[in-house]
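K.L.:
2 protein chains.
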Amino acid sequence: MAEQVRVVVDAMGGDNAPAEPVKAAVEAVTERQDIKVILTGKQDVIEGELAKYSGYPTEQIQIVPASEVIETAEPPVFAIRKKKDSSIVVGLKLVKTQEADAFVSSGSTGAVLVGGQVLVGRSKGVERPPLAPLIPTTKGVALLIDCGANVDARPSHLVQFAKMGSIYMENVVGIKNPKVAIVNNGAEEEKGNALVKETFPLLKECKGINFIGSIEARDIPYGYADVVVCEAFVGNVILKLYEGVGGALIQKVKEGLMTSLKTKIGALLIKPALKSTLKSFDASEHGGAPLLGLKGLVVKTHGSAKAIEIKHAIFQCVQFKQQKINEKIAEHILEDQPDKTAEKQEQ
Amino acid sequence: MAEQVRVVVDAMGGDNAPAEPVKAAVEAVTERQDIKVILTGKQDVIEGELAKYSGYPTEQIQIVPASEVIETAEPPVFAIRKKKDSSIVVGLKLVKTQEADAFVSSGSTGAVLVGGQVLVGRSKGVERPPLAPLIPTTKGVALLIDCGANVDARPSHLVQFAKMGSIYMENVVGIKNPKVAIVNNGAEEEKGNALVKETFPLLKECKGINFIGSIEARDIPYGYADVVVCEAFVGNVILKLYEGVGGALIQKVKEGLMTSLKTKIGALLIKPALKSTLKSFDASEHGGAPLLGLKGLVVKTHGSAKAIEIKHAIFQCVQFKQQKINEKIAEHILEDQPDKTAEKQEQ
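So the sequences go chain by chain: V and S.
Under this note's numbering, the first residue of the first sequence carries the number 995, and numbering increases by one thereafter.
Under this note's numbering, the first residue of the second sequence carries the number 995, and numbering increases by one thereafter.
As structure tokens, then:
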């Protein structure tokens, strides 16, 4: 049996905590022997949830108590500093001290982002750790990198995002030679704002990635690229507009189907198929967004994540560890930085 | 009878030229006496199209010949400079010389943008003329300003966009006291990139607009704001992602409805209702995007615009002229610029 991968799951984070994170832990260890889940949060609450299940390998689940909970509305930096006994801080520290390999939370995105950087720390050579959600496309999924807190990024950051994203898509999601594109306001090379114009030639010269050029926003949902590189402000707009346009369109379709008896009957017939289609195209359903470039893996699942998505995030962590993604990222990031490579060799 | 508004329509621009622009001209003058349409383009081609119609007030349509056509793929600056006898250049010059009040084209967006600025010229005090398409929301439409060529805009530009957009929505689209919001990566005031953080307080202090704060991209399609202010790169991403997510989702829905006999029957029953719903939420259907802040009105309709959309753009031009929007914009832009107001008074 392979060595167990130790994944911390924030039992108190998200709209459906503690029920769904605990359920995800139970299902994950029931399915796979190579996982150990560490649940952080209020011990009595977690024990109460676990008591609902039987027949699972109890030795693969451990509770590490944390008495506090960081709420979504709290200012992240302040919350991380003050709530030292929160499920997020306790969980991230387990990754920092290498008592765990990865951390999964559906809690406050800001706190996970800040905590990941401050408590777990960046890998050597990584300038800014990007948050990279998987978004649905008509062909499958694409990695949108960055959607984090790094607004006003520099070209060198975007080049690192492209590299990290490629490694993740190839090794964790399983897409061979993933196509990398930069979000632009036109397909032509002369298009772009100052950031894109400066980044484009760097990506063209970048070794080890399959750079296909610019991508216009309209082509993202059709899966023209596997790794969609952008600065965080733009990434945030893309991620949230995916959700907004999808939701608004569905609302309009529902209204449209209630206009006559004929359409109402039709609606009944298509309802299940329509529902599953719409679900497959819901950005939130692909939940797990890794925060890359840290010394351990941190995955942010959607605030409304259910057990199945959290379980998938746990499995992503296992894949991440077993494929030695962090080592690959560190190696790839450092190979273009002669100074830092030299420095490394001297050590 | 009110004075006639003279609208130039580019008879050669767009995927459906010359048939649809000419049809739009005929329908517009048939419906309203207060419009004169000037068609620019190849005389024989336009005459051939006009010959298909009868019973319309022929004296309300005039042809101004232009022997050249600017193709969508041509570099805009070069095309405007070289093709002096193109339908776009000839049309814009009619606005410049005040032989016409407005210009409508479904042709090359780049050429219309560049030509509008170079040939028609900016209104006094306007720093950058924004291109502002109307996008669909669940409540109606919103004005997305800017989607033009002004990437990397400055805060003062965004403030002017907010003012111009408010005047347009109030006076042309007819929304009283339109709600103005700035696109941001979070709802809280401390969120944002450098541009948004600098612009936010300026909008807060700006008189004569109903500023409601930040808008996250997910809320745009629900019509939380009537005037959605952003820098052109972000605006381009929003406009094109609207199209992309909508299109991809529809493709997935169609596939989903073909999976079983039951859903196929259901699909037949809902088809017409579904089609009209989706059409109402198609950004391209709201076609007319005004290029604001010029000495005359220039409206860019979608490349695939049909006669009905072009006709609506023509009517927008009439409203624009009759409501004296340019005068209102000039007045409102100048009132916050003490130096320029003083300069104006001295003249």
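Glycine included, C-beta positions come from ideal geometry on N, C-alpha and C.
#1: Confirm the yes/no value for this check: CB of S:Q1111, any heavy atom of the ligand ADP, distance under 7 Å.
#2: Closest Cβ-Cβ distance between V:V1221 and chain S: below 8 Å?
#3: Counting only Cβ pairs nearer than 8 Å, list the residues of chain V close to S:P1215.
#4: Tell me where the beta strand (DSSP E) around V:I1129 begins and ends.
#5: Could you pull the DSSP bridge partners for V:T1416 from this structure?
#6: How is the beta strand (DSSP E) around V:G1134 delimited, first residue to last?
#7: When you compare only the Cα positions, how much space is there between V:I1040 and V:L1086?
#8: Does V:A1096 come out as helix, strand or coil in the three-state DSSP assignment?
#9: What residue range is occupied by the uninterrupted beta strand (DSSP E) comprising S:K1173?
#10: Could you name each continuous alpha helix (DSSP H) segment of 4 residues or more that falls completely within the region 1138 to 1170 of chain S, going from the start of the chain to the end?
#11: For V:G1250, would you say it is in contact with chain S, using Cβ-to-Cβ distances shorter than 8 Å as the test?
#12: If you draw a straight line from the C-alpha of V:A1094 to the C-alpha of V:K1289, how long is it?
#13: Given V:L1107, which residues of its chain have a CB within under 8 Å of its CB, disregarding the five upstream and five downstream residues?
#14: Taking 7 Å as the limit between beta carbons, can you name the residues of its chain near V:A971, skipping five residues before and five after?
#15: Excluding sequence positions up to five away, which residues of its chain have a Cβ less than 6 Å from the Cβ of S:E1062?
#16: Which same chain residues, not among the five before or five after V:I1206, have their C-beta less than 6 Å away from its C-beta?
#17: In three-state DSSP terms, what is S:R1026?
#18: Along chain V, in chain order, which residues have C-beta atoms closer than 9 Å to that of S:S1274?
#19: Return the chain-ordered list of same chain residues with a C-beta closer than 8 Å to the C-beta of S:E1337, the five sequence neighbours on each side being excluded.
#20: When the Cα atoms are used, what is the spatial distance from V:V1343 to V:I1029?
#21: For a contact meaning CB atoms closer than 7 Å, what does S:I1259 contact in chain C?
#22: Whole angstroms is fine: what's the gap from S:F1155's alpha carbon to V:T1253's?
#23: For V:T1034 and S:V1222, I'd like the C-alpha separation in whole angstroms.
#24: Along chain V, in chain order, which residues have C-beta atoms closer than 8 Å to that of S:R1212?
#25: When you compare only the Cα positions, how much space is there between V:A1011 and V:V1020?
#26: What in chain S is Cβ-close to V:A1188, meaning under 7 Å?
#27: Between the Cα of V:L1152 and the Cα atoms of V:E1164, V:M1163, V:I1161 and V:I1139, which residue gives the shortest distance?
#28: Please report the Cβ distance between V:A1307 and V:E1014, rounded to the nearest whole angstrom; I am assuming they are in contact, meaning their Cβ atoms lie under 8 Å.
P.N.:
According to the data block:
#1: The ligand ADP is not part of this structure, which contains no ligands at all.
#2: So, not an interface residue.
#3: For S:P1215, the neighbours in chain V by C-beta distance under 8 Å run, in chain order, L1235, G1238, V1239, G1241, A1242 and L1243.
#4: From DSSP, the beta strand (DSSP E) with V:I1129 extends over L1128 to T1131.
#5: Outside the modelled stretch of chain V, which goes from 995 to 1341, sits residue 1416 of chain V, for which no answer is possible.
#6: From DSSP, the beta strand (DSSP E) with V:G1134 extends over G1134 to I1139.
#7: Going by the C-alpha atoms only, they are around 18 Å apart.
#8: Strand.
#9: Where S:K1173 is concerned, the enclosing beta strand (DSSP E) stretches over K1173 to N1178.
#10: Taking only runs of at least 4 residues, the alpha helix (DSSP H) segments lying wholly in the region 1138 to 1170 of chain S are 1149 to 1162.
#11: At least one CB atom of chain S sits nearer than 8 Å to the CB of V:G1250.
#12: Here the C-alpha atom of V:A1094 lies approximately 11 Å from the C-alpha atom of V:K1289.
#13: Answer for V:L1107: P1070, L1125, G1142, A1143, L1285 and K1294, listed in chain order.
#14: What is shown of chain V runs 995 to 1341, which leaves residue 971 of chain V out entirely.
#15: Shown here for S:E1062: same chain residues with a beta carbon closer than 6 Å to its own, the five before and five after excluded, namely K1077, D1079 and S1080 in chain order.
#16: K1173 and A1175, listed in sequence order.
#17: Note: S:R1026 maps to coil in three-state DSSP.
#18: Within chain V, the residues near S:S1274 are K1246 and G1250.
#19: Here the model assigns S:E1337 a pLDDT of 43, short of 50, so the residue's position is not dependable and the matter cannot be decided.
#20: For residue 1343 of chain V there is no data in the structure shown, the boundaries of chain V being 995 and 1341.
#21: Structure shown: chain C not included; protein chains present are V and S.
#22: Spanning the two alpha carbons is a distance of roughly 39 Å.
#23: Cα to Cα, V:T1034 sits roughly 42 Å from S:V1222.
#24: Simply K1234, L1235, E1237, G1238 and G1241.
#25: Each residue's alpha carbon lies about 14 Å from the other.
#26: Those are D1146, listed as they occur along chain S.
#27: Of the candidates V:E1164, V:M1163, V:I1161 and V:I1139, the one whose C-alpha sits nearest the C-alpha of V:L1152 is V:I1139.
#28: That pair is no contact at about 12 Å.
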